[in-house]
Amino acid sequence: MVMLGTVRRMGHSGPAHRPASPARGLPLPTLPRMRLAVCSSKGGVGKTTTAANLAAALARRGRVLAVDVDPQDSLGRAFGVVAKRPDESLAALLDDPDAEARAVIRRDVVPGLDLLPAHPALETAAAQLASAGGLVTSIRRVLRPLLADYEHIVLDTRGDLGGLTLAAVCAADAVLTVFTSDPGSALGVARVAAFLDQHRAYENTSAVLVGVACAVWDERGRAAREVAGALDDTDLPLLATRVPLSRRVPTSTLAKRPVVLSHPTSPVASAYLALADEVLAAAERVPA
Ligand SMILES: Nc1ncnc2c1ncn2[C@@H]1O[C@H](COP(=O)(O)OP(=O)(O)OP(=O)(O)O)[C@@H](O)[C@H]1O
Ligand SMILES: [Mg+2]
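Residue numbers for the sequence shown follow the UniProt record's numbering, beginning at 1 and rising by one.
Rendered as structure tokens:
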């Protein structure tokens, strides 16, 4: 496949994994332990579903803030949270630097998990900030007063590498990207890696690509094996956990409850729990 050959050649010039730092003798890390942005250059590859389930999985062990950085507001919807007005959402916080983030955050959407919802008005707010030159650092600024409140922050982004996604990456220290059995999604993974390299070089962010995960693994499909094989041939940080294709996933979206919560013992929930462990371990190998 021509496209997969391109992925093999593109690879990743930046540090896929940084060396492990010794756990002992170091001061306790400053909170939060991980600020994770889930990104892709392509839409519909399972970002929101992965972000929602990782946030729910991480919330079993510590306080989590889930931040919806997609004007389509799908992350909130995965938990049944909808901002009816822009001033109930991240859009208001971008519009007004003096707005109080804690007043907008929905508390305990599920135990241990707070959510900062999006709203379609995020699109206009982002465009205005971009023309004023403030978009790149906007989400980092919004989250700064909240950092001490959370052990983990999970940011869901839209399926592109535009200004809002860059703002989310600038607020993160770790990035996860996902792919499916579609060869185009593998090319998208390589594009995310290049995007991160570029913006680290520009000093817009210090976030590191901590993982590349298959978010919809169809074990019977040849395409999925080919895509995973192509990514395995690169130096991208391909994660061992593959989230299986499962009917329970769309059903859980309809039920407004991520599958980790609705069917915690199902194979697909186990995969998300394992993915949360794997991503966290990779993020903790990145030196501060
Ligand atoms: N493991 C899975 N098994 C079955 N369906 C899945 C799985 N993961 C995601 N899906 C489905 O794939 C579709 C796209 O998922 P999702 O909305 O998470 O993608 P996305 O990358 O966030 O999309 P967008 O770019 O539009 O934000 C949804 O219908 C979702 O239910
Ligand atoms: Mg989405």
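Quick reminder that beta carbons are idealized off the backbone N, C-alpha and C, glycines included. Remember, predicted model here, so these are calculated numbers, not experimental data.
Where residue i and residue j are concerned, what is the direct C-alpha to C-alpha distance, given to the nearest angstrom?
{"i": "arginine 63", "j": "methionine 34", "result": "11 Å"}
{"i": "serine 181", "j": "serine 138", "result": "34 Å"}
{"i": "glycine 162", "j": "histidine 263", "result": "34 Å"}
{"i": "glutamate 226", "j": "threonine 165", "result": "28 Å"}
{"i": "aspartate 87", "j": "asparagine 204", "result": "28 Å"}
{"i": "alanine 127", "j": "alanine 91", "result": "11 Å"}
{"i": "threonine 50", "j": "arginine 107", "result": "21 Å"}
{"i": "aspartate 156", "j": "alanine 172", "result": "11 Å"}
{"i": "alanine 269", "j": "alanine 255", "result": "15 Å"}
{"i": "leucine 236", "j": "leucine 245", "result": "23 Å"}
{"i": "alanine 283", "j": "valine 210", "result": "6 Å"}
{"i": "alanine 228", "j": "aspartate 98", "result": "45 Å"}
{"i": "alanine 274", "j": "glycine 76", "result": "23 Å"}
{"i": "aspartate 197", "j": "leucine 187", "result": "15 Å"}
{"i": "threonine 251", "j": "leucine 146", "result": "33 Å"}
{"i": "valine 82", "j": "proline 267", "result": "29 Å"}
{"i": "proline 111", "j": "leucine 143", "result": "21 Å"}
{"i": "phenylalanine 79", "j": "alanine 148", "result": "24 Å"}
{"i": "leucine 280", "j": "glycine 134", "result": "30 Å"}
{"i": "alanine 66", "j": "arginine 222", "result": "34 Å"}
{"i": "leucine 93", "j": "glutamate 278", "result": "32 Å"}
{"i": "histidine 152", "j": "serine 185", "result": "27 Å"}
If the criterion is Cβ atoms closer than 8 Å, does the pair residue i and residue j meet it?
{"i": "serine 89", "j": "alanine 130", "result": "no"}
{"i": "glutamine 72", "j": "arginine 158", "result": "yes"}
{"i": "residue 304", "j": "leucine 54", "result": "Since the first residue shown for the chain is 1 and the last is 288, residue 304 is missing from the structure and cannot be characterised."}
{"i": "alanine 276", "j": "alanine 57", "result": "yes"}
{"i": "arginine 191", "j": "serine 41", "result": "yes"}
{"i": "valine 212", "j": "leucine 239", "result": "yes"}
{"i": "isoleucine 105", "j": "aspartate 96", "result": "no"}
{"i": "alanine 207", "j": "valine 169", "result": "yes"}
{"i": "aspartate 218", "j": "alanine 224", "result": "yes"}
Between which two residues does the alpha helix (DSSP H) containing residue i stretch?
{"i": "aspartate 232", "result": "222-232"}
{"i": "residue 371", "result": "Since the displayed the chain opens at 1 and closes at 288, residue 371 lies outside it and no answer follows."}
{"i": "proline 250", "result": "248-254"}
{"i": "valine 286", "result": "Looking at the DSSP string, valine 286 is not in any alpha helix (DSSP H), and its letter there is neither H nor E."}
{"i": "aspartate 95", "result": "90-95"}
Between residue i and ligand 2, is the CB less than 7 Å from at least one heavy atom?
{"i": "aspartate 95", "result": "no"}
{"i": "lysine 42", "result": "no"}
{"i": "aspartate 156", "result": "yes"}
{"i": "threonine 165", "result": "no"}
{"i": "aspartate 70", "result": "yes"}
{"i": "lysine 47", "result": "yes"}
Hey, quick one: how far does the beta strand (DSSP E) through residue i stretch, first residue to last?
{"i": "valine 208", "result": "208-217"}
{"i": "isoleucine 153", "result": "152-156"}
{"i": "valine 67", "result": "64-68"}
{"i": "threonine 177", "result": "174-179"}
Check whether the Cβ of residue i lies closer than 7 Å to any heavy atom of ligand 1, and answer yes or no.
{"i": "arginine 257", "result": "no"}
{"i": "aspartate 73", "result": "no"}
{"i": "serine 185", "result": "no"}
{"i": "serine 262", "result": "no"}
{"i": "valine 81", "result": "no"}
{"i": "alanine 215", "result": "yes"}
{"i": "glycine 112", "result": "no"}
{"i": "valine 243", "result": "yes"}
{"i": "valine 268", "result": "yes"}
For the putative contact between residue i and residue j, defined by C-beta atoms under 8 Å, what is the C-beta separation to the nearest angstrom?
{"i": "leucine 176", "j": "valine 38", "result": "5 Å"}
{"i": "cysteine 214", "j": "valine 243", "result": "7 Å"}
{"i": "alanine 271", "j": "threonine 241", "result": "6 Å"}
{"i": "lysine 47", "j": "valine 249", "result": "About 13 Å; that fails the 8 Å criterion."}
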